[in-house]
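The working numbering puts the sequence shown at residues -8 to 135. Structure first, commentary second.
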Amino acid sequence: MHDLVARLLLAHGRINPNCQDSDGRTPLSHAAEHGHNSLIEQLLKHKDIEPNCTDVVGHTPLSRAAAASQVQSVRMLIKHRLIPESKDTAGRTTLSWAVKCFESEPSGSTKIQQCRIVELLLSLDDIDPNSRDNEGRTPLSWAV
């Protein structure tokens, strides 16, 4: 149902696909975090989409998807050339968030998904695995 309604709305010429809520989050950010991949695909096809829009804490749709263990969403967003190395207000990158999610003791299947996301991100040429956040921590220091 979401897909049909989103398709109808996006087909309307005056719809802004980059509208932000009170947290600065766009429809793409919400779709990415919740793994709504068909909605992600529809949004990315929109001529006015700004896929690297950040919310009030500097998270991008890609960092939201990575932190939420949404492997397929991460793949789709990477394929559409979202900027993986952008930093949020804490100075953390998407890779840092993918690693930091292990702190919450995820289930076995979630750990596997997070490992896949880390592998995907590390396979990109423009990822700096030694990038430091505002606390001076790297993805490796978050992992241990």
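C-beta atoms are modelled at their ideal positions from N, C-alpha and C, and glycine is treated no differently. Remember, predicted model here, so these are calculated numbers, not experimental data.
Whole-number beta carbon distance between residue j and residue i, since they are thought to touch under 8 Å
{"i": "K78", "j": "G49", "result": "7 Å"}
{"i": "L113", "j": "T85", "result": "Not really, about 11 Å apart at Cβ, beyond 8 Å."}
{"i": "S64", "j": "I31", "result": "6 Å"}
{"i": "D119", "j": "E76", "result": "6 Å"}
{"i": "A23", "j": "L68", "result": "6 Å"}
{"i": "V81", "j": "A58", "result": "Here residue 81 turns out to be Ala, not Val, going by the sequence shown. So it is not a contact: roughly 12 Å between Cβ atoms."}
{"i": "R107", "j": "V62", "result": "5 Å"}
Residue i: first and last residue of the uninterrupted alpha helix (DSSP H) it sits in
{"i": "R(-2)", "result": "-7 to 2"}
{"i": "E24", "result": "18 to 25"}
{"i": "L131", "result": "130 to 134"}
Counted within 10 angstroms of its Cβ, other Cβ atoms place residue i as buried (16 or more) or exposed
{"i": "L131", "result": "exposed"}
{"i": "T45", "result": "buried"}
{"i": "L19", "result": "buried"}
{"i": "D116", "result": "exposed"}
{"i": "H(-7)", "result": "exposed"}
{"i": "T51", "result": "buried"}
{"i": "S13", "result": "exposed"}
{"i": "S29", "result": "exposed"}
{"i": "T83", "result": "It should be noted that the sequence gives Arg, not Thr, for residue 83. Per the 10 Å Cβ criterion, buried."}
{"i": "I74", "result": "exposed"}
Residue i at chain B interface by Cβ criterion, 7 Å
{"i": "H27", "result": "This model lacks chain B altogether, as it is built from one protein chain only."}
Beta strand (DSSP E) runs wholly inside the region 34 to 94, at least 3 long, in chain order: none
Stretch pair the region 35 to 45 + the region 0 to 9: three plus CB contacts closer than 8 Å: yes
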